[in-house]
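Written below as structure tokens is the structure these notes are about.
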Amino acid sequence: MKKVYQCSNTLELQPFIETLKRLDIKHLIKNEYISGAIGELPFTEAWPQIWVLNDNDVAEAKAACRATETDINSDKPDWDCSHCGETNHASFEFCWQCEHLDSQQL
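Under our numbering, the first residue of the sequence shown carries the number 354, and numbering increases by one thereafter.
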């Protein structure tokens, strides 16, 4: 079992979790509820972390997390849902209004 990614909060970690789920890479989240210990522990030690269960999946998981991070930080434009017409932030793969998966966002 190896750590492949960490963020300052669980909300920021969510796209990376979804990426690993989509790739069917078995993982677990550590430090999800430990933020109250900041001060007693160094803050970076209390950040939520993704750990991959199978060491054979580590390289693929790290590459997927790097690609997700690049995608999040890119300057893609917001998009309109082809199903309901709602405008969605560029980082969304699913429409926040109707949960339709827009194939152009993959």
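We treat Cβ as the ideally placed atom computed from N, Cα and C, and that holds for glycine.
Residue i versus the options, residue with shortest Cα-Cα distance
| i | options | result |
| --- | --- | --- |
| L376 | D455, C418, K355, E422 | C418 |
| T372 | P430, S361, E439, I425 | I425 |
| A399 | S444, D428, N362, K355 | N362 |
| K356 | D408, H453, H436 | D408 |
| N384 | E393, K374, Q359 | Q359 |
| I370 | L454, H453, T421 | T421 |
| L366 | I403, K429, M354 | I403 |
Residue j beta carbon less than 7 Å from that of residue i
| i | j | result |
| --- | --- | --- |
| P368 | I382 | no |
| T440 | D433 | yes |
| A414 | V405 | yes |
Secondary structure of residue i, DSSP reduced to three states
| i | result |
| --- | --- |
| N407 | coil |
| I425 | helix |
| Q367 | helix |
| L373 | helix |
| K415 | helix |
Sequence-distant residues of its chain with Cβ nearer than 6 Å to residue i (five each side left out)
| i | result |
| --- | --- |
| D410 | I378 |
| C451 | H436, C437 |
Own chain residues within Cβ distance below 7 Å of residue i, not counting five before or after
| i | result |
| --- | --- |
| D431 | T440, N441, H442, A443 |
| L454 | E446, F447 |
| K374 | none |
Residues bridged to residue i (per DSSP)
| i | result |
| --- | --- |
| K356 | W404 |
| K383 | Q402 |
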